[in-house]
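Chemist: If you count by UniProt numbering, then the sequence shown holds residues 1 to 212, one letter each, in order.
C-beta atoms are modelled at their ideal positions from N, C-alpha and C, and glycine is treated no differently.
Just so you know, these numbers come straight off a predicted model, no measurement behind them.
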Amino acid sequence: MSQYPEDEFDVAGRDRGPQGVHREPRSLLRTLAPFLAVIVIVPLLAWGAVSLLGGGDAGPGADPAPVETTTESAEPSEEPTSEESTDEETSPEEPTSEEPGDEETTPEEETTEPDDDPVLTTSISVLNGAGINGLAGDVAAELGEAGFTTVGAADYGAGSPDVTTLYYRNADLAPTAEAVGELLGIDNLLEAPSATQNVEIAIVLRGDFAGR
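As structure tokens, this is what we get:
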């Protein structure tokens, strides 16, 4: 025991281990580690030096010597035999003859011809200007027998025309007027809208008609 009383430094160093020359002994592995390193590293360095100095020799990693290759000219391909060539050649397509029925035929344009048939329903007025009693009625009856359905008869007192004349209203009535004139033997046909105000065809009978 120290003859001095214990102070705060004595309390702080109470739990510390020995210091200075009183160190803990080193383990065997830590002691031998430097020797093991020398034993392993030195042979490796020696092998590397030998490999570096002898680098000119062909070692396992050296590239193999190049092999000379000679290229021969390609031989011309064999010509196909006559049988093969005939099989491969394709014959040109023969033109197929078109049948007349296959061709598209355009219908000819139909020309519209004027209708020459008389219109039997045309209104007709027979005017007696010949001074012969019953002449207009006889002519009207003749037209009715020919198929005309709308025919009338009357007297006529005007001074013209001088000869028997058939008047029709327009050009559309020309075929019917020609048929009536042919039936009655009248050659004087005139298109006159003013003379046919109430009917489509007006026939003025004169003395020449009585002697037909």
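Taking the alpha-carbon positions, what's the D155 to G147 distance?
Modeler: Cα to Cα, the separation comes out at about 23 Å.
Chemist: Could you give the distance in angstroms between the alpha-carbon of V38 and the alpha-carbon of A46?
Modeler: Straight-line Cα distance between these residues: approximately 12 Å.
Chemist: With distance defined between alpha-carbon atoms, name the residue in V199, F209, V42, G48 nearest to residue 214.
Modeler: Summary: the structure shown does not reach residue 214, with the chain confined to residues 1 through 212, and so no result is reported for it.
Chemist: Thinking C-beta only, is E191 closer than 9 Å to A202?
Modeler: In this structure, E191 does not lie closer than 9 Å to A202 by Cβ.
Chemist: Please go through the UniProt domain "LytR/CpsA/Psr regulator C-terminal" (122–209) and give each complete beta strand (DSSP E) segment of 3 or more residues, from N-terminal end onward.
Modeler: Counting whole runs of 3 or more residues, the UniProt domain "LytR/CpsA/Psr regulator C-terminal" (122–209) contains the beta strand (DSSP E) stretches 124–128, 151–155, 165–168, 189–191, 201–205.
Chemist: Leaving out five residues before and five after D208 in sequence, what residues of the same chain have Cβ atoms less than 7 Å from its Cβ?
Modeler: Answer for D208: V163, T164, listed in chain order.
Chemist: Between which two residues does the alpha helix (DSSP H) carrying P118 extend?
Modeler: Where P118 is concerned, there is no enclosing alpha helix (DSSP H), given that its DSSP letter is neither H nor E.
Chemist: With distances taken Cα to Cα, identify the nearest neighbour of S123 among A158, A177, D138.
Modeler: Residue A177 is the option with its Cα nearest to S123.
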